[in-house]
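Trainee:
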Amino acid sequence: IPAFSQTPPNPFRVATEATFPPFEFQQGGQLTGFDIDLMRAIGKEADLNIDFRNLPFDGIIPALQARTVEAAISGMTITAERAQAISFSRPYFRAGLAIAVREDNKTIKNFEDLKGKRIAVQIGTTGALEAAKIPGATVSQFDSAALALQELINGRVEAVVNDKPVTLYAIKQAGLRGVKVVGELLTEEFYGIALPKNSPYLQLINDALGRVIESGQYDVIFRQWFGE
Ligand code: ARG
Numbered sequence: 485i486p487a488f489s490q491t492p493p494n495p496f497r498v499a500t501e502a503t504f505p506p507f508e509f510q511q512g513g514q515l516t517g518f519d520i521d522l523m524r525a526i527g528k529e530a531d532l533n534i535d536f537r538n539l540p541f542d543g544i545i546p547a548l549q550a551r552t553v554e555a556a557i558s559g560m561t562i563t564a565e566r567a568q569a570i571s572f573s574r575p576y577f578r579a580g581l582a583i584a585v586r587e588d589n590k591t592i593k594n595f596e597d598l599k600g601k602r603i604a605v606q607i608g609t610t611g612a613l614e615a616a617k618i619p620g621a622t623v624s625q626f627d628s629a630a631l632a633l634q635e636l637i638n639g640r641v642e643a644v645v646n647d648k649p650v651t652l653y654a655i656k657q658a659g660l661r662g663v664k665v666v667g668e669l670l671t672e673e674f675y676g677i678a679l680p681k682n683s684p685y686l687q688l689i690n691d692a693l694g695r696v697i698e699s700g701q702y703d704v705i706f707r708q709w710f711g712e
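Under my numbering, the first residue of the sequence shown is numbered 485, with each subsequent residue one higher.
1) Determine the direct distance from the alpha carbon of ASP531 to that of ASP691, and round the result to whole angstroms.
2) Mind checking whether the beta-carbon of ASP647 lies closer than 7 Å to any heavy atom of the ligand ARG?
3) Nearest to ASP703 by alpha carbon, out of GLY611, TYR576 and ALA604?
4) Could you give the DSSP three-state label for ILE607: helix, strand or coil?
5) Which one of ASP588, VAL641, GLU596 and GLN568 has the shortest CA to CA distance from ASN670?
6) For THR609, is the beta carbon positioned less than 7 Å from some heavy atom of the ligand ARG?
7) In the DSSP output, what is ASP647 paired with across the bridge?
8) Just mark GLU501 as buried or exposed, buried being the case when its beta carbon has 16 or more other beta carbons within 10 Å.
9) Are the CB atoms of ALA621 and LEU636 nearer to each other than 8 Å?
10) What residues match up with ALA678 in a beta bridge as DSSP calls it?
11) Beta carbon of PHE572: closer than 7 Å to some heavy atom of the ligand ARG?
12) Taking the C-alpha atoms as reference points, what is the distance between GLN568 and GLN625?
13) Three or more beta-carbon pairs under 8 Å between the stretch 551-571 and the stretch 509-524, yes or no?
14) Find the nearest neighbour of ARG602 within the set PRO619, THR609 and ASP588, judged by alpha-carbon distance.
15) Could you check the C-alpha separation between LYS664 and ALA584 for me, to the nearest Å?
16) Count the other CB atoms, across all protein chains shown, that sit within 10 Å of the CB of GLY513; report buried if there are 16 or more and exposed otherwise.
17) Quick one: complete alpha helix (DSSP H) runs, 4+ long, within the stretch 514-545?
18) Does the distance from the CB of LEU688 to the CB of PRO546 come in under 8 Å?
19) Looking at the secondary structure, which residues open and close the alpha helix (DSSP H) in which ALA632 lies?
20) Just tell me which of TYR675, ALA564, SER571 and LYS528 has its CA closest to the CA of LEU548.
21) Given a threshold of 16 other Cβ atoms within 10 Å of its Cβ, counted over all protein chains shown, does GLY676 qualify as buried or as exposed?
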């Protein structure tokens with residue numbers, strides 16, 4: 485047992501923002517998704533009684549800082565800026581941002597083409613940060629990626645910048661109509677489980693995540709949600 489470890493609280497509170505299929509979302513009032521299954525497997529390995537708390541995405545880091553939750557799993561990208569405020573587990577998923585436009589759009593093909601355009605994003609995300617860098621763009625922020633995509637369908641914006649696996653899932657699995665993904669990945673990003681800065685449970689989570697990966701449980705969960 486490492487010197488800094490402590491008996492984990494029961495329940496072990498884990499924040500998530502559950503409008504982000506296939507990572508975390510609600511189905512018939514139940515929390516489900518890749519991250520949810522992964523966190524449950526980690527909880528089993530680490531003998532934790534996990535209690536998920538659904539929070540707005542931009543409320544997750546403040547909740548970790550206030551220590552009203554012990555951890556968060558929410559498709560959250562590991563960034564240097566966030567790592568100043570909170571701690572991250574080892575990466576567990578490779579993702580990145582992609583541009584979505586309406587199917588009939590022939591002018592927007594890459595990041596350059598977004599100059600001066602109207603763009604929708606989810607508040608507090610890496611997509612919002614990237615969109616803010618586009619010269620002359622008007623960026624509208626929404627509480628969920630789904631609302632941002634709805635804005636695109638309704639014709640009030642010309643593009644959405646969002647995590648590629650989430651936009652693709654909306655189109656291919658959730659039947660979102662009239663939208664396509666264009667261009668290359670804008671960024672390469674890695675998701676991590678977030679914990680308060682210097683959390684005494686970081687090693688516990690990392691060790692359990694390692695066992696979930698090495699035992700093959702990770703692959704089973706991955707195939708369930710991404711079918712490969
Ligand atoms: N990966 C992006 C980020 O870290 C978006 C995550 C949004 N997650 C969510 N559950 N809504 O900013």
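Even glycine gets a Cβ: it sits at the ideal position worked out from N, Cα and C.
Nothing here was measured: the structure is a model prediction, and the numbers come from that model.
Mentor: Reading off the structure:
1) For this step, residue 691 is matched to residue 207 along the sequence shown. For this step, residue 531 is matched to residue 47 along the sequence shown. If I take the Cα positions, the gap works out to 12 Å.
2) Taking the sequence shown and counting its residues from 1, one reaches residue 647 at position 163. ASP647: yes, Cβ under 7 Å from the ligand ARG.
3) The sequence position of residue 703 within the sequence shown is 219, counting from 1. Of the listed residues, the one whose Cα sits closest to ASP703 is TYR576.
4) For the purposes of this step, residue 607 is taken as the residue at position 123 of the sequence shown. Three-state result, ILE607: coil.
5) The count along the sequence shown starts at 1 and reaches residue 670 at position 186. First, the residue type needs correcting, since residue 670 is Leu and not Asn in the sequence shown. Closest in alpha carbon position to LEU670, among ASP588, VAL641, GLU596 and GLN568, is GLU596.
6) The residue labelled residue 609 in the question sits at position 125 within the sequence shown. At least one heavy atom of the ligand ARG is nearer than 7 Å to the Cβ of THR609, so yes.
7) Along the sequence shown, one-based indexing puts residue 647 at 163. In the DSSP output, where bridge partners are listed per residue, ASP647 has LEU581.
8) On the sequence shown, residue 501 is found 17 positions in, with the first residue counted as 1. Counting Cβ neighbours within 10 Å, GLU501 comes out buried, since at least 16 surround it.
9) Position 137 of the sequence shown, counting from 1, holds the residue named residue 621. Position 152 of the sequence shown, counting from 1, holds the residue named residue 636. Against a cut-off of 8 Å, the Cβ pair of LEU636 and ALA621 comes out as no contact.
10) As a position in the sequence shown, residue 678 is number 194, starting the count at 1. ALA556 and PHE572.
11) Within the sequence shown, residue 572 is the residue found at index 88, counting from 1. No.
12) In the sequence shown, the residue the question calls residue 568 occupies position 84. In the sequence shown, the residue the question calls residue 625 occupies position 141. So the two alpha carbons sit approximately 24 Å from each other.
13) yes
14) For the purposes of this step, residue 602 is taken as the residue at position 118 of the sequence shown. It is PRO619 whose Cα lies nearest to the Cα of ARG602.
15) Numbered from its first residue, the sequence shown carries residue 664 at position 180. Numbered from its first residue, the sequence shown carries residue 584 at position 100. C-alpha separation (whole angstroms): 6 Å.
16) Position 29 of the sequence shown holds residue 513. Burial call: exposed.
17) 518-530
18) Within the sequence shown, the letter at position 204 stands for residue 688. Within the sequence shown, the letter at position 62 stands for residue 546. Against a cut-off of 8 Å, the Cβ pair of PRO546 and LEU688 comes out as no contact.
19) By 1-based counting over the sequence shown, the position of residue 632 is 148. Start and end: 629-637.
20) For the purposes of this step, residue 548 is taken as the residue at position 64 of the sequence shown. Checked all of TYR675, ALA564, SER571 and LYS528; the closest Cα to LEU548 is SER571.
21) One-based indexing of the sequence shown puts residue 676 at position 192. Looking at its Cβ environment, which holds 16 or more other Cβ atoms inside 10 Å, GLY676 is buried.
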